[in-house]
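Chains as they are written, first to last, in my numbering: chain A, 1 to 407; chain B, 1001 to 1356. The structure under discussion appears below in the form of structure tokens.
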Amino acid sequence: MYRRVAITGMGILTGHGVGKAVNWEKTIAGESGIRPITLFDTAGYRTKTAGQVADLPAASWRRIRPSRVDRASTLLYHALSEALQESGLSDAAWRESPPIVALGTTLGGMTSGERYHEIFVRKGPSLARPSCVVDHLAHSQPLHLMEEFSMPGIPWVFSNACASGANAIGYAFRAIRAGQADVAFCGGYDPLCEFVFAGFHSLQALTPELCRPFDKNRSGLAIGEGAGILVLEGWDRAAGRGARILGEIIGYGESNDAFHLTRPDPDGKVAALAVRQALEDAGCAPEVVDYVNAHGTGTPFNDASETAALSLALGSRAKEVPVSSTKSMIGHLLGGAGAVEGILTVLTLREKWLPPNANYETPDPDCGLRIVRKAEQASRLTVALSNSFGFGGANAALVFQAVGADA
Amino acid sequence: MDPLAVSGIGIVCPGAFGREEWVRAFTTGHPEERVYRVPDFALEAYLPNARSFRRVAGATKFGLAAMALAVTDAGFSPGAFGGERAGLIVGITHGAVNYSVQFHRTLLLEGALGASPLHFSESVPNAPAGNGAIAFQIHGPVHTLIGEEPVGAQAIDCAADLLRRGLVDRCLVVGTEEWNEVVAHAYAQIDRAARRRAGSDDAPPLGEGAAALVLELESTAAFRGTTPYAVISGWSLGRCFAGRMEEGTAGIVRRAFSEALHLAEADHVLPPTGRFRRAAMRGVVLARGERTNPPNWLDLLPFVGNPAGSTHLLQVATSASLISTGTVGGPGLALATGVEGTVSAVVVSRADAVRA
């Protein structure tokens, strides 16, 4: 017998700002969080903007030396602090029962790695300080975070490119549902750094214009940065301690295209398998899906492939169900995307407002979905799907349900 | 609970390619060369569709060869292994770091226009897994886990979850790493600093290589008519903070054994190849108590150095191979430690040794 999985806390920061309130307000307003990059010199690039977190506040580390932490750790710190505060949990909770910590990222503390390597190359190996690389490897940030918040055990760090965050949530969801743990902290993160920006630039995947997912004139993605953390608990336990339940995860599916390292399979067949599995896992027919938060990167290949996948998985419902990509406003958060978009999906279900797919102007006949142009209030908003697809053929789909839907 | 069967083993390491070559090298060899690098080889010798992967990074190449060896060893043809009911879990610490370094070096010295998209896309942490999925047409769950040396135990745990939940029938579990000058230099610096601070007792040299296991539930392997090399009968993971490595390791070892076997029955231990290895070894002695016979320590370090994220699976592959040939009776304990104090223990045994 499976346990129901409750979401009792959420923390988020993106180019829209720090915290759920500001993120939701700006998302529904269709406001752009894409701005000129100040973290590195963009002179050599065609694209000069990204969803950079402006004025990132310093973290109040107590146990970790702040001088050694990467920007990635600071993003995580803020997201976890907000999620923890909302959940009302404290370290007393995990002294009784160790939590699962599952996080997704693509390159973790790459900013630290860049700094170390730049000194190594420009000034010589002996001047490259080891303190620069203490927080570089992708498992370091979750380890340091757990140390800071006195969490025992070791983290599960998924690096499945842009599906990492969704996979981490899916992993934690299954563990809580099966009763393997009482509490899980899960999500994803990635900071903006030149290495990744240059990488996507070299692949000609970045748009110098506005990011327009599903639009006929879409020309690429905008990179973003940020983090999202969800606190998951067994429903009975959360209800028993009087926690405010924000939403429920009811299904998870995953698959791999096994097609190309950086391109999705254009027929969307295997991505559809992940969506179908997630719905089956949730016990939901396509007809009950009220909203899809699409992966929607804004690249010609991805959006066409995702349309094909949704058409296969949802059948005729694919043309009716409202779809939007919030990447149009905050950019692509890579390892953080699945988590941040999962949180925005839960907020969508709570607030009964559909977030817009910003910058959408010209419908694409190859993407015949019902794209949400402007924020819409919805009378029925109970079940929503969040897709994440990534390099390496990774596909992940999560199904969320509003609180009270089963009443 | 249906035991986790090791039905295929693939090894690519400085001393050997393949299970049999490795067992021979490990049991009879006396390594003299202290440069722990995998010699150059042609992927075509292992993988039928190798041409598609001719420009992959070293870590991916090692991983693909190890996967091909394991798949064949388990009795599958490379073309028949995949599908929706197959999974792939890769555990790494650094991954394809040479391409990362090359990409960033070009970026620094020549600017963005000179940086190669290939060096970026093939350097992402999930490049070995993504290429592995393509090579074997694996459409089920494919994950890359990042962690210190214990990440191999996490990969086993993740695969066990998928198998026991009935989401897949077979799962490749892979650890792969490549040697890199910048990484080796950084570790050497960290070790020097640690020695100055606390008289740290060990600084193992960075190695490289890959190990792959085909894991199935024992009942699935039996249904296929395959006799597994061994079963993985328990594992445990944890973190030990400064000064508590011995006691912490002892607790983790006890937990790994508590699932199925008595710790006192272990007849061989594969000690860590990473930092804190001596403290962890003392932890094993502490866990076993004085009354038990001293274990047979099978140390991989002189043969392969510290191949970071591939260490643990190489240990498990070694223990399973030696148990299957009767070189050791089992059960065996594979122990891994990382620089941040992460520790894992995996118990490998003969299938019939697991308590009912």
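By construction, the Cβ of each residue, glycine as well, lies at the ideal position given by its N, Cα and C atoms.
Could you tell me whether the region 1084-1093 of chain B touches the region 1164-1175 of chain B, using the rule of 3 or more Cβ pairs below 8 angstroms? yes
Does A1057(B) come out as helix, strand or coil in the three-state DSSP assignment? coil
Please work out which residues of its chain come closer than 6 angstroms, Cβ to Cβ, to G1082(B), disregarding the five sequence neighbours upstream and downstream, and give them in chain order. F1136, Q1137, I1138
Taking only the alpha-carbon atoms, compute the straight-line gap between T1176(B) and A29(A) and give it to the nearest angstrom. 46 angstroms
At least one CB of chain B closer than 8 angstroms to the CB of W156(A): is that the case? yes
Quick check: is the beta carbon of I1252(B) nearer than 8 angstroms to any beta carbon in chain A? no
From the beta carbon of A138(A), is the nearest beta carbon of chain B less than 8 angstroms away? yes
Could you work out which residues of chain A lie near E1084(B), taking near to mean beta carbons separated by less than 8 angstroms? S255, L273
Of all the options L84(A), L80(A), T297(A), G108(A), which has the alpha carbon lying nearest to the alpha carbon of P191(A)? G108(A)
Expressed to the nearest angstrom, what Euclidean distance is found between the alpha-carbon atoms of I223(A) and H332(A)? 5 angstroms
Alpha helix (DSSP H) segments (min. 4 residues) lying fully within the region 1079-1131 of chain B: 1097-1110, 1117-1121
Helix, strand or coil at T8(A) according to DSSP, with G and I counted as helix: strand
Go through its chain and collect everything with a Cβ distance to L310(A)'s Cβ below 6 angstroms, but skip five positions before and after it. A318
Going by CA-CA distance only, name the one from G1274(B), R1282(B), A1230(B) that's closest to E1247(B). R1282(B)
Would you mind working out which of M1001(B), A1280(B), P1228(B), F1076(B) sits nearest L1360(B), comparing C-alpha positions? Coverage of chain B is limited to positions 1001 through 1356, which leaves residue 1360(B) absent and any answer about it impossible.
Output the boundary residues of the alpha helix (DSSP H) element that contains A1155(B). 1151-1164
So what does R1170(B) bridge to, in DSSP terms? A1086(B)
How many Å lie between S324(A) and H260(A) at the Cα? 26 angstroms
For T262(A), which residues in chain B fall below 7 angstroms Cβ to Cβ? S1121
For the ligand SAH, is there a heavy atom less than 7 angstroms away from the beta-carbon of A274(A)? As for the ligand SAH, it is missing from this structure, which has no ligand bound.
Residue(s) in a DSSP beta bridge with L232(A): I7(A), A184(A)
Am I right that G1008(B) and A1070(B) are in contact with their C-beta atoms under 8 angstroms? What's the rounded C-beta distance? 4 angstroms
CB contact below 8 angstroms: T414(A) versus chain B: The question about residue 414(A) has no answer here: the residues shown for chain A are numbered 1 through 407.
What did DSSP end up calling R1355(B) once you bin it into helix, strand or coil? For R1355(B), the predicted structure reports a pLDDT of 49, less than 50, and the residue's modelled location is therefore unreliable. A value from the coordinates is still provided. Coil, per DSSP.
So T1060(B) packs on E1122(B), CB below 8 angstroms; how close in whole Å? 7 angstroms
Uninterrupted alpha helix (DSSP H) stretches inside the region 237-324 of chain A (no shorter than 4 residues): 269-282, 300-314
Measure from the C-beta of S1116(B) to each C-beta in chain E and report whether the shortest distance is under 8 angstroms. In the structure shown, chain E cannot be found, because the protein chains are A and B.
Given a limit of 7 angstroms on CB to CB distance, which residues of the region 195-214 of chain A reach chain B? F195, A198, G199, H201, S202, L203
When the Cα atoms are used, what is the spatial distance from Q52(A) to N359(A)? 19 angstroms
By the 10 Å Cβ neighbour count, where 16 or more other Cβ atoms means buried, how is L1237(B) classified, buried or exposed? buried
Using a Cβ-Cβ cut-off of less than 9 angstroms, give me the residues of the region 100-111 of chain A that come near chain B, in sequence order. T105, T106, L107, G108, M110
List, in order along the chain, the chain A residues whose C-beta lies closer than 9 angstroms to that of H1262(B)? Those do not exist, as H1262(B) stays about 25 angstroms from chain A at its closest Cβ, beyond 9 angstroms.
Is the beta carbon of T326(A) closer than 8 angstroms to that of S302(A)? Looking at the sequence shown, residue 302(A) is not Ser but Asn. It is not a contact, given that the beta carbons lie outside the stated cut-off.
I176(A) lies in the beta strand (DSSP E); which residues open and close that run? That residue, I176(A), is in no beta strand (DSSP E); its alpha helix (DSSP H) goes 164-177.
Provide the residue(s) that pair with G224(A) in DSSP beta bridges, ordered along the chain. G51(A)
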